[in-house]
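*Asks:* The structure follows.
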Amino acid sequence: MRARAVLAVERDTGGRCVVRELRSESPLSLVPRRGVAGALDTGVTVHLVGSATTPLAGDDVELDVRVGPGAALVLTGVAAAVALPGAGRASTLTVRVELDDGACLQYLPEPTVVTSRADHRTLLHATLHPTARLRAREVLVGGRSGEPSGRYAGTTRVVERARPAPGTTSDRVLLHQTQELGDAGLAASSAYLGGRRVLATEVLVWGDDSADGAVGDDWSLTSLRGRGSLATAVGHDAVGAQRALAEAVAAHPGWTSTVLAGAERARPAPPPHAAADESGRRW
Amino acid sequence: MPSLATLVLSDARFPGGGHVHSGGLEEAVARALVTGVGDLGTFLHGRLRTAGLVAASFAAAAAVAAGSAEPCWAALDAELDARTPSAAQRDASRAQGRGTLRAARASWPSPVLDALVAAHPRPHHPLLVGAVVGIAGGDPVEAAQCVAYLAVSGPASAAVRLLGLDPIAVNAAIVAMAPTVDEVVALAVAAADRAPADLPAPGAPMLDLLAQSHVRHHREQVRLFAS
Numbered sequence: 001m002r003a004r005a006v007l008a009v010e011r012d013t014g015g016r017c018v019v020r021e022l023r024s025e026s027p028l029s030l031v032p033r034r035g036v037a038g039a040l041d042t043g044v045t046v047h048l049v050g051s052a053t054t055p056l057a058g059d060d061v062e063l064d065v066r067v068g069p070g071a072a073l074v075l076t077g078v079a080a081a082v083a084l085p086g087a088g089r090a091s092t093l094t095v096r097v098e099l100d101d102g103a104c105l106q107y108l109p110e111p112t113v114v115t116s117r118a119d120h121r122t123l124l125h126a127t128l129h130p131t132a133r134l135r136a137r138e139v140l141v142g143g144r145s146g147e148p149s150g151r152y153a154g155t156t157r158v159v160e161r162a163r164p165a166p167g168t169t170s171d172r173v174l175l176h177q178t179q180e181l182g183d184a185g186l187a188a189s190s191a192y193l194g195g196r197r198v199l200a201t202e203v204l205v206w207g208d209d210s211a212d213g214a215v216g217d218d219w220s221l222t223s224l225r226g227r228g229s230l231a232t233a234v235g236h237d238a239v240g241a242q243r244a245l246a247e248a249v250a251a252h253p254g255w256t257s258t259v260l261a262g263a264e265r266a267r268p269a270p271p272p273h274a275a276a277d278e279s280g281r282r283w
Numbered sequence: 001m002p003s004l005a006t007l008v009l010s011d012a013r014f015p016g017g018g019h020v021h022s023g024g025l026e027e028a029v030a031r032a033l034v035t036g037v038g039d040l041g042t043f044l045h046g047r048l049r050t051a052g053l054v055a056a057s058f059a060a061a062a063a064v065a066a067g068s069a070e071p072c073w074a075a076l077d078a079e080l081d082a083r084t085p086s087a088a089q090r091d092a093s094r095a096q097g098r099g100t101l102r103a104a105r106a107s108w109p110s111p112v113l114d115a116l117v118a119a120h121p122r123p124h125h126p127l128l129v130g131a132v133v134g135i136a137g138g139d140p141v142e143a144a145q146c147v148a149y150l151a152v153s154g155p156a157s158a159a160v161r162l163l164g165l166d167p168i169a170v171n172a173a174i175v176a177m178a179p180t181v182d183e184v185v186a187l188a189v190a191a192a193d194r195a196p197a198d199l200p201a202p203g204a205p206m207l208d209l210l211a212q213s214h215v216r217h218h219r220e221q222v223r224l225f226a227s
C-alpha cells in the first residue's frame, strides 16, 4: 500500500495548540486525542494507528509533520508495529519533520518488531529551528520470540536550520546514523548488539546536555556535537531495553528539568503562609 | 602498487599516537565481552562493518577532496561528527588526527593540510589519512584500505597486550577478515564521490556504550589505553 500522510500543528492566538492540517491514508491513520478538561498541557497529542496490516512487503508510507512557532505535539503509537515478510520487495516508512521557532515534538512510536522474513527500511529526517526541541524514540526488536531477525535498516538525520545571520550560511547536522538488524555477524558482535535482540535509541534535542554523558551496564547517554544527546540501550527483550532507555533519558539534564518543572506546575498551589526554606527557595 | 604514504600511515611504528587507543577493546575486555581470539574476531568484524566503514568512507572521500579545487573539509568534518554520536569517540578520533598531523606536516607539507586544519584545528583521523594519501598521489582505494585496516589492527594489538593472546593467532584473525575488509573498502570507495551528507553512516550501539564507559573508568582507575 502507498500512503501519504500530513500533520500540521500550530499555536493559535489564544496560546492553544491546534491541528491545522491532518490527512492520513490507510494503512497509517492519525487520530488526535480529544482535550482533557483541566489539563495543564496545552500541546496536542496525536496517535499513530495502523489501520491495516503494516508494514508489509511493498508498503510505502510517508508522513510529513510540521510543528509551527511555539506549538507542541506528542506523536505516539498505540501498538507495536510488526514488520512482515517482503517477497523481494521492501517496505518503507519515511517521516519528515519540520520544527519551527520554539516548537516541540515528542515522537514516541511503539516498538517495531522485525519478523524473520521482513525487509523494512525507515527514514526519519528532522529539521529544527535553533530554538526548537525534539525527542524522537526508536525501539527495534529483532524477530518475535524465538525467531531470528528479518532485515531492517533505519536512518535518522537531525539537522539544525542555520540562523538567519551573516556568516552561518549552511545548516548544521547534529546526528546522522543508520541502524541495521538482520545481519547475524553484526548482531553477535560485542561491538554492535553483543547477542541482544532489542536496540532502543532516543534523540534528545531538549535543553541542556551533559558534556560528560552517562553510562550504565546496557545503556549510554552521549552528547552530540553542537546540540543534543543520544540515548542508546540494548536488551534481550523490549521491556528490559525500554527500561534501560528510560534510565539513559533520566540522566539527561534538559529533559529532567522539563519533567521536574511539569511536576512543579501540577502540584497544588502552596498555602499563602508557606515559608521559604533556609536556602531561600520556596516549596 | 600502494604509495609509500599508505604503507607509512598503516605502520604501527608511525609516530601518530595510535598505539594508545584500543577502539573500545579495553572496555570490552574489562566487561569480559572479549576473552580470547574467537570473540576478538567477532568484535573486530562488528567494528569493521560499522565504525570501520564510516572511517574508510570519510578517508576515501578525503582522498578525493585532496585533489579537488574546492574541497569541502568543513562539511566532511561536520558529517563525520554527526556519524560519531559518542563524544568519547569524537575525542579519540581527533586526538589521533592531531598526533598524525604533526608527523604529516613534516613529511608531506602541503596547502591541502592547511585547508583541512582551517576547517578544524584537530582534524578527524580518517580525514587526515585520506588527505595525506591524496597529497602523496594515492587513490581513494588506498585511503580506505589503510583506514579499514587500522580500524581492526589497533584493537587487535591492544588485545594481545590486555589478554596476553598469542600474537600469531591474532595476526591470523586479522588476515582472516580479508573478505570483510574488501567489502568495506568497496562500499567506501563507491561512496567517495558523493556529497558528504550521503556518505554511509552505520551506527554501533555497543561501541558507543563501551567508549563512554571507558572514559568513566579511565578517570576512576588506571587504564592502559586512552580509548
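Which chain is which? The protein sequence lines are S and R, in order. No gaps in the numbering here: position 119 of the first sequence is 119 in UniProt numbering, and each next residue is one more. No gaps in the numbering here: position 76 of the second sequence is 76 in UniProt numbering, and each next residue is one more. Backbone N, C-alpha and C fix where the C-beta goes; we use that ideal spot for every residue, glycine too.
In this structure, how does DSSP classify residue 29/S when only helix, strand and coil are distinguished?
*Replies:* strand
*Asks:* Let me know the secondary structure DSSP gives residue 111/S once reduced to three states.
*Replies:* Here residue 111/S carries a coil assignment [DSSP, helix/strand/coil].
*Asks:* What did DSSP end up calling residue 19/S once you bin it into helix, strand or coil?
*Replies:* strand
*Asks:* Tell me where the alpha helix (DSSP H) around residue 150/R begins and ends.
*Replies:* 140-163
*Asks:* Going by DSSP, name the residue or residues bridged to residue 121/S.
*Replies:* Partner(s): 92/S and 153/S.
*Asks:* Note down, in chain order, all residues in the segment 15-38 of chain R with a beta-carbon under 7 Å from any beta-carbon belonging to chain S.
*Replies:* 24, 28, 33 and 34
*Asks:* Is there contact between the segment 58-77 of chain R and the segment 211-221 of chain S, where contact requires at least three CB pairs shorter than 8 Å?
*Replies:* Taking 8 Å as the limit for Cβ pairs, the verdict is that the segment 211-221 of chain S does not touch the segment 58-77 of chain R.
*Asks:* Is DSSP giving residue 227/R helix, strand or coil here?
*Replies:* coil
*Asks:* For residue 246/S, which residues in the same chain have their Cβ closer than 7 Å to its Cβ, ignoring the five residues on either side in sequence?
*Replies:* none
*Asks:* Is residue 211/R near residue 92/R, with beta carbons less than 9 Å apart?
*Replies:* yes
*Asks:* Per DSSP, what kind of secondary structure is residue 284/S in: helix, strand or coil?
*Replies:* Residue coverage of chain S in this structure runs from 1 to 283, which leaves residue 284/S outside it and unanswerable.
*Asks:* Just mark residue 142/R as buried or exposed, buried being the case when its beta carbon has 16 or more other beta carbons within 10 Å.
*Replies:* buried
*Asks:* Pick from 192/R, 196/R and 176/R: whose alpha carbon is nearest that of residue 37/R?
*Replies:* 176/R
*Asks:* On the DSSP letters alone, give me the boundaries of the alpha helix (DSSP H) that residue 125/R sits inside.
*Replies:* 125-135
*Asks:* Any beta carbon from chain S within less than 9 Å of residue 45/R's own beta carbon?
*Replies:* yes
*Asks:* So, is the C-beta of residue 79/R closer than 9 Å to a C-beta in chain S?
*Replies:* yes
*Asks:* Within 9 Å (strictly less), CB to CB, does residue 182/R reach chain S?
*Replies:* no
*Asks:* With which residues is residue 64/S paired in a DSSP beta bridge?
*Replies:* 6/S and 96/S
*Asks:* Below 8 Å, can you find three or more Cβ-Cβ pairs linking the segment 3-22 of chain R to the segment 147-161 of chain R?
*Replies:* yes
*Asks:* For residue 137/R, go through chain S and note every residue whose CB falls closer than 7 Å to its CB, in chain order.
*Replies:* Under the 7 Å cutoff, chain S gives no residues; its nearest Cβ is about 31 Å from residue 137/R.
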